[in-house]
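Residue numbers (this note's numbering): 3 to 435. Quick reminder that beta carbons are idealized off the backbone N, C-alpha and C, glycines included. This one's a predicted model, so the numbers in the text were calculated from it and none came from an experiment. To start, the structure under review is shown below, and the notes come after it.
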């Protein structure tokens with residue numbers, strides 16, 4: 003991953019201070035230990051801390067196209083950059099690197115905002131176009147890469163992390179009580195809110211433009227259901243196999259060592275199986291626990307043996323988790339009620355000694371409704387049929403046993419018509435702890 007920062011003034015001849023951009027980027031060194039770069043052009047300035055993955059020598063950022071009118075910084079990866087490079091070359095653009103980032107700036111020159119619809123990948127992008135005095139920020143469709151911004155009276159400030167935002171002297175540290183309430187209800191602070199009052203997160207699948215002090219935020223993508231068609235089980239399995247093989251192969255494009263996080267579960271094992279088809283000797287990584295009731299490392303070893311991977315494993319005890327908890331305020335931008343971040347961090351730290359990039363099975367449960375909270379949708383339909391006399395007068399929302407059941411069984415369920423009672427239940431449970 004990389005880290006991006008920037009600052010654009012609304013009007014006049016003011017220019018961003020390079021030393022401020024350097025301080026902001028310095029807070030992102032852990033995201034990009036390999037290189038840094040900055041550009042100040044007129045009212046706008048961009049900065050980046052880089053983790054080099056593709057075109058290690060030639061892919062330095064900020065990057066510009068042949069016209070020199072626009073500059074780009076990008077955190078993430080564009081998986082279809084080879085196809086886009088050929089398309090843009092055919093349109094007359096001249097490429098000077100093999101970097102996936104270069105297609106973004108040429109695409110901006112060719113298509114404007116339309117370039118976002120052509121990008122396949124995970125990304126947070128900033129483009130400063132001095133010729134039109136326009137800053138464009140964009141976030142990938144799933145919101146994998148973070149992007150914070152503060153729209154102030156005379157300027158806009160943005161960064162990959164909240165800590166970098168706070169290095170800018172104009173960004174206020176005041177707490178957002180509404181954001182705190184969101185955390186208590188949902189166990190995280192959903193976009194566009196942040197935990198600070200004057201800072202926002204750009205939503206997934208959205209762009210922001212800032213021109214002469216005027217900001218506009220719009221979606222460029224949303225989930226659009228296609229036409230329904232009946233397929234047999236065999237055809238469905240074949241299509242899923244093709245899709246997984248294509249996506250995993252795209253994610254394996256790298257000029258640095260890579261591997262796969264392997265828990266032995268369905269999701270990570272599937273990713274590892276497809277990756278092993280395209281990598282000579284795939285490296286896999288697993289973390290085990292001294293407490294056998296939480297340990298799944300034996301399953302990971304069985305999968306690794308079946309796939310013939312070069313398997314790496316580390317076993318940790320309670321002390322490792324306790325020591326990490328003390329560091330969480332420094333590691334996290336905002337409060338997060340997801341305990342899985344502890345083993346994920348420990349596994350990432352372990353794997354970093356061997357590889358720079360790692361694939362994982364994250365997203366499988368969301369795509370195929372694997373989490374136990376998803377049955378709450380059935381409960382929501384049943385709740386909708388309960389007479390209002392029972393629901394509105396508090397019989398369901400005030401009963402302690404029901405509050406405890408809802409809070410513990412469906413901690414992240416955001417369901418109409420249950421969203422408000424669920425949020426209330428979680429706040430009640432938190433306050434009563």
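Please confirm whether residue i and residue j have their CB atoms less than 8 Å apart.
{"i": "residue 108", "j": "residue 137", "result": "no"}
{"i": "residue 150", "j": "residue 164", "result": "yes"}
{"i": "residue 51", "j": "residue 30", "result": "yes"}
{"i": "residue 265", "j": "residue 292", "result": "no"}
{"i": "residue 42", "j": "residue 58", "result": "no"}
{"i": "residue 1", "j": "residue 147", "result": "No information on residue 1 is available, as it lies outside the stretch 3 to 435 that the chain covers here."}
{"i": "residue 363", "j": "residue 272", "result": "yes"}
{"i": "residue 4", "j": "residue 28", "result": "no"}
{"i": "residue 318", "j": "residue 348", "result": "yes"}
{"i": "residue 86", "j": "residue 105", "result": "yes"}
{"i": "residue 210", "j": "residue 139", "result": "yes"}
{"i": "residue 238", "j": "residue 26", "result": "no"}
Comparing C-alpha positions only, which one of the options sits nearest to residue i?
{"i": "residue 173", "options": "22, 282 and 220", "result": "22"}
{"i": "residue 15", "options": "45, 342 and 341", "result": "45"}
{"i": "residue 185", "options": "176, 196 and 175", "result": "196"}
{"i": "residue 56", "options": "371, 254, 296 and 281", "result": "254"}
{"i": "residue 275", "options": "296, 80, 309 and 348", "result": "309"}
{"i": "residue 188", "options": "209, 337, 306 and 126", "result": "337"}
{"i": "residue 93", "options": "103, 111 and 102", "result": "111"}
{"i": "residue 158", "options": "11, 54, 249 and 170", "result": "11"}
{"i": "residue 162", "options": "8, 343 and 357", "result": "8"}
{"i": "residue 170", "options": "303, 181, 179 and 154", "result": "154"}
{"i": "residue 71", "options": "175, 327, 129 and 235", "result": "129"}
{"i": "residue 17", "options": "156, 54 and 69", "result": "156"}
{"i": "residue 217", "options": "313, 32 and 152", "result": "152"}
{"i": "residue 331", "options": "343, 321 and 320", "result": "343"}
{"i": "residue 160", "options": "212, 37 and 133", "result": "212"}
{"i": "residue 66", "options": "101, 54, 341 and 321", "result": "101"}
{"i": "residue 334", "options": "13, 25, 6 and 32", "result": "32"}
What does a CB cutoff of less than 6 Å around residue i pick up in its chain, not counting 5 residues either side in sequence?
{"i": "residue 223", "result": "143 and 207"}
{"i": "residue 369", "result": "none"}
{"i": "residue 316", "result": "289 and 352"}
{"i": "residue 64", "result": "39, 41, 48, 73 and 75"}
{"i": "residue 121", "result": "80"}
{"i": "residue 249", "result": "none"}
By Cβ distance, which residues of its chain are closer than 8 Å to residue i, with the 5 residues on each side in sequence left out?
{"i": "residue 205", "result": "141, 145, 193, 194, 219 and 221"}
{"i": "residue 278", "result": "284, 309, 310 and 311"}
{"i": "residue 252", "result": "81, 82 and 122"}
Assuming residue i and residue j are in contact, meaning their beta carbons sit under 8 Å apart, how far apart are those beta carbons, in whole angstroms?
{"i": "residue 366", "j": "residue 214", "result": "Wrong, their Cβ atoms sit about 45 Å apart, outside the cutoff."}
{"i": "residue 199", "j": "residue 177", "result": "7 Å"}
{"i": "residue 242", "j": "residue 359", "result": "Not really, about 24 Å apart at Cβ, beyond 8 Å."}
{"i": "residue 103", "j": "residue 60", "result": "With a Cβ gap of about 10 Å, residue 103 and residue 60 do not count as contacting."}
{"i": "residue 372", "j": "residue 190", "result": "Going by Cβ atoms, the distance from residue 372 to residue 190 rounds to 19 Å, so no, they are not a contact pair."}
{"i": "residue 314", "j": "residue 356", "result": "6 Å"}
{"i": "residue 361", "j": "residue 262", "result": "5 Å"}
{"i": "residue 96", "j": "residue 68", "result": "5 Å"}
Let me know the secondary structure DSSP gives residue i once reduced to three states.
{"i": "residue 252", "result": "helix"}
{"i": "residue 116", "result": "helix"}
{"i": "residue 346", "result": "helix"}
{"i": "residue 240", "result": "helix"}
{"i": "residue 131", "result": "strand"}
{"i": "residue 222", "result": "coil"}
{"i": "residue 27", "result": "helix"}
{"i": "residue 123", "result": "strand"}
{"i": "residue 5", "result": "strand"}
{"i": "residue 36", "result": "coil"}
{"i": "residue 21", "result": "helix"}
{"i": "residue 329", "result": "coil"}
{"i": "residue 273", "result": "helix"}
{"i": "residue 318", "result": "strand"}
{"i": "residue 14", "result": "coil"}
{"i": "residue 108", "result": "helix"}
{"i": "residue 150", "result": "strand"}
{"i": "residue 187", "result": "helix"}
{"i": "residue 298", "result": "coil"}
{"i": "residue 370", "result": "helix"}
{"i": "residue 87", "result": "helix"}
{"i": "residue 268", "result": "helix"}
{"i": "residue 303", "result": "helix"}
Go through its chain and collect everything with a Cβ distance to residue i's Cβ below 7 Å, but skip five positions before and after it.
{"i": "residue 281", "result": "254"}
{"i": "residue 135", "result": "45, 213 and 214"}
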